[in-house]
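Student: This structure is in structure tokens; I'll ask about it shortly.
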């Protein structure tokens, strides 16, 4: 009887503590999360791009709007794991019904199955149940209103999520996608979440397009072969822009800001133009320019052109 | 796996407790050993092989010594040196290899024709410095007859690998610890509650104070040449508080975790900043290392026939006091050099050891004259103003020591020390300089509040007030409010997750 009483007390304490942490969520969790994509009107996006920093820095939705009139968003997040990406896709699809999703493939080979990764996945799961654990550091913003309006939100909205980097630090290492029959296996966790993204897209009738952004620092043929196998097995399109970057106009002396890891704005425009043409040719998206519900995009384009004009002039 | 991770706190530890309780008592040690190896594997992966090798070595050598004829002392001595030698060799190769090779190359460079030694940097298994000391103490205890060689490999393995102690200690002794680990006592509410209290308090110190200070300390020590006097003092204060909060916090987590299983681990800290002398400070700071060095280096050396003979000769020629000092010099030098080098392979660590050796020797030499002088001046050395003055003196000594300890090398540490006297600028306190080193106004506010709480708790403990007993006597609603508040402070103000760099326990690297 005594033991039971103690167990009841202990369990009650744990439940109470968890409940109180849960109650903190509305206070601490931000209303606007996920790189500003939630600010876009529901159902307005025709395509969305996901990935890590390779996607975030190397893909400009406004270039595609300018050239083809397709409304999209760059949801790339630096150092993002594929499990985080899955939940992000799931969250975004609650508000948007895109016809196509681009998934930049570098994150599939990030954070391979390690003990750290197992722990990170578990932590992610707990944080999803108790978002206050993830957003706990926002007490600073709640106490300091200035921290809320540092201008980054407006810039992110104008660039539709893209990270705007104009520095140039060239890559001079020569060809890096050397032909080989070897293939790098996709990790167990990565494959599990990739399968879940594929399944989610299929269930909603969305075309999932895998693409590998040009990156000598991150890519090789083993990875290409591994992913090509996966794409073939699952009937997915896979665009590997590393096989011949020059075909897309990539000039490694000026299109990267960190010596061949990430593309800069100039590289991003080239990648975006190609992916825009791919959407036009393969996905059946319609040009939304001139439509009343997309007037805001025209105004954003003006801002975008002003922002990029000086950079391009250089 | 980190003690502060969600994985440890909300999955690994609860599941281990559950499995431990559900298992029959005679098999509970298996649960602890399995959990310990899982924990260690998550921290060190295949380097767990070193732990297994060390365990087998200790077990076999221990058995060998146990079977020695008491009259054949030479064989026993040979065996203990083999066991100790294996562990010292492990430390020398894995931890000190690059340093030793670097020093050897510097010396060889004096001769142009001399070869250049290759410098290998091998992966170091987590907690090597801690489990090696435990292994050596077990073997030395068998050799000296303080404990018997254990024939149970499981018990030896658990002593070596127990997960709350394997990364940062406290450094345990075989005699009280191994039996408690193996006994498999059932869990009880009191131990779970008290252990959880201590664990939460450790999390508070580690995550709210130490980890929040981490970017500031890293920044201030990154560019020692740029630091002015104010920044050098801030660096010394910040790194001292960080080290204390980090190490004592992790030790509280370890002791609290062990207590949940009904196992009492030795204390490692006893309010060190209330010390009035250097020797007292080291009786309160990293206590288990201090007692280890005393028992396994100081006493054996000071009791060795040669040292005793040296002391006797000095006593005959220059008097009793001088004889005592001479007899203490070599053992103390060995202890402090071992203390310094145990913390890491670098000249700054040796400097740190030498610094405290000199201070201890000065204390020893001037102890009697100062006592005489104080008596003549009618100074009551037990009165609080005198004690307070001594505490301030100790604070300065500790800050200088930690500054040298934390600096990347001796030259950087000395440059920072010099800047205190040459580059003092009060404006730095108000012109925003302090906000340009990795933490901001809100962080300073949190640190100030948390520091006051930590100080208040230490004051209570110094006054002999057991806050845990006091909290346990409170009425349930008040008690729970207190506990939940502590947990919420950690959850909200802890420096973890997005926006923070993970900080490994500082002593895990030593």
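Residue numbers (the numbering used here), protein chains in the order written: chain A, 1 to 314; chain G, 1001 to 1510. Even glycine gets a Cβ: it sits at the ideal position worked out from N, Cα and C.
1. For residue 97(A), decide whether its Cβ has a neighbour in chain G, counting only Cβ atoms nearer than 8 Å.
2. Run the CB neighbour count on residue 1490(G), radius 10 Å, all protein chains shown included, and call it buried at 16 or more, exposed below.
3. With H, G and I counted as helix, E and B as strand and the rest as coil, what does DSSP make of residue 1169(G)?
4. Identify which residue in 1220(G), 1432(G) and 1260(G) has its Cα closest to the Cα of residue 1181(G).
5. List the whole-angstrom C-beta distance separating residue 210(A) from residue 238(A), where the pair is believed to meet the contact cut-off of C-beta under 8 Å.
6. Less than 8 Å between the beta carbons of residue 262(A) and residue 79(A), yes or no?
7. Closer than 7 Å by beta-carbon distance: list the chain G residues that pair up with residue 25(A), in chain order.
8. Across the segment 221-232 of chain A and the segment 118-128 of chain A, are there enough close Cβ pairs to call them in contact, namely three or more that are closer than 8 Å?
9. Does the Cβ-Cβ distance between residue 1098(G) and residue 1084(G) come in under 8 Å?
10. If you reduce the DSSP assignment to three classes, tell me which class residue 20(A) lands in.
11. Between 71(A), 95(A), 137(A) and 302(A), which lies nearest to residue 289(A) when the distance is taken from Cα to Cα?
12. Which one or two residues does DSSP pair with residue 74(A) in a beta bridge?
13. In its own chain, which residues sit with a C-beta less than 6 Å from the C-beta of residue 1504(G), not counting the 5 before and 5 after it?
14. Using the Cβ count rule (16 or more neighbours within 10 Å means buried), how would you classify residue 1437(G)?
15. Thinking C-alpha only, which one of 1203(G), 1367(G) and 1086(G) is nearest residue 1053(G)?
16. Name, please, each residue of chain A whose Cβ falls closer than 9 Å to the Cβ of residue 1036(G).
17. Suppose you measure from the CA of residue 65(A) to the CA of residue 212(A); what does that come to, to the nearest Å?
18. Can the beta-carbon of residue 299(A) be found closer than 8 Å to that of residue 63(A)?
19. One question on the structure: do residue 1187(G) and residue 1017(G) come within less than 8 Å of each other, judged by their Cβ atoms?
20. Between residue 162(A) and the rest of its own chain, which residues show a CB-CB distance below 6 Å, the 5 nearest in sequence each way excluded?
21. List in chain order: all unbroken beta strand (DSSP E) runs of 3+ residues lying wholly within the segment 82-139 of chain A.
22. Scan the segment 1473-1494 of chain G for residues whose Cβ lies nearer than 9 Å to a Cβ of chain A and list them as they occur along the chain.
23. Can you list, in chain order, the residues of its chain whose CB lies under 8 Å from that of residue 1277(G), leaving out five sequence neighbours each side?
24. Tell me the DSSP bridge mates of residue 315(A)?
25. In the DSSP assignment, find the unbroken alpha helix (DSSP H) run with residue 1252(G) in it and report its ends.
26. Put residue 1187(G) into one of helix, strand or coil per three-state DSSP.
27. Please classify residue 1474(G): is it buried, with 16 or more other beta-carbons within 10 angstroms of its beta-carbon, or exposed?
28. Runs of 4 residues minimum, wholly inside the segment 1438-1497 of chain G: which ones carry the alpha helix (DSSP H) assignment?
29. Give every residue of the same chain whose Cβ lies closer than 6 Å to the Cβ of residue 105(A), excluding the five residues on either side of it in the sequence, and list them in chain order.
30. Distance, Cα to Cα, residue 1239(G) vs residue 1448(G)?
31. Would you kindly check if the distance between the Cβ of residue 1252(G) and the Cβ of residue 1202(G) is under 8 Å?
32. Note down the Cα distance separating residue 1271(G) from residue 139(A), rounded to an integer number of angstroms.
33. Give the residues of chain A in contact with residue 1005(G), contact being defined as C-beta atoms less than 8 Å apart.
34. Chain A partners of residue 1042(G), CB-CB under 9 Å?
35. Of all the CB atoms in chain G, is at least one closer than 8 Å to the CB of residue 4(A)?
36. Specify, as a first and last residue, the run of the alpha helix (DSSP H) that residue 173(A) falls within.
Tutor: On the basis of the data shown:
1. no
2. buried
3. coil
4. 1260(G)
5. 4 Å
6. no
7. The contacting residues do not exist; residue 25(A) stays about 11 Å from chain G at best.
8. no
9. no
10. helix
11. 71(A)
12. 49(A)
13. none
14. buried
15. 1086(G)
16. Here the premise fails: no neighbours, minimum Cβ distance about 15 Å.
17. 21 Å
18. no
19. yes
20. 60 and 74
21. 100-104
22. 1476, 1480, 1483, 1484, 1487, 1488, 1491, 1492, 1493 and 1494
23. 1363, 1390 and 1394
24. The structure shown has nothing for residue 315(A), since chain A only spans 1 to 314.
25. 1229-1260
26. coil
27. exposed
28. 1441-1462, 1467-1473 and 1476-1493
29. 210, 212 and 227
30. 15 Å
31. yes
32. 31 Å
33. 119 and 123
34. 115, 116, 118 and 119
35. no
36. From DSSP, residue 173(A) is part of no alpha helix (DSSP H); its letter is neither H nor E.
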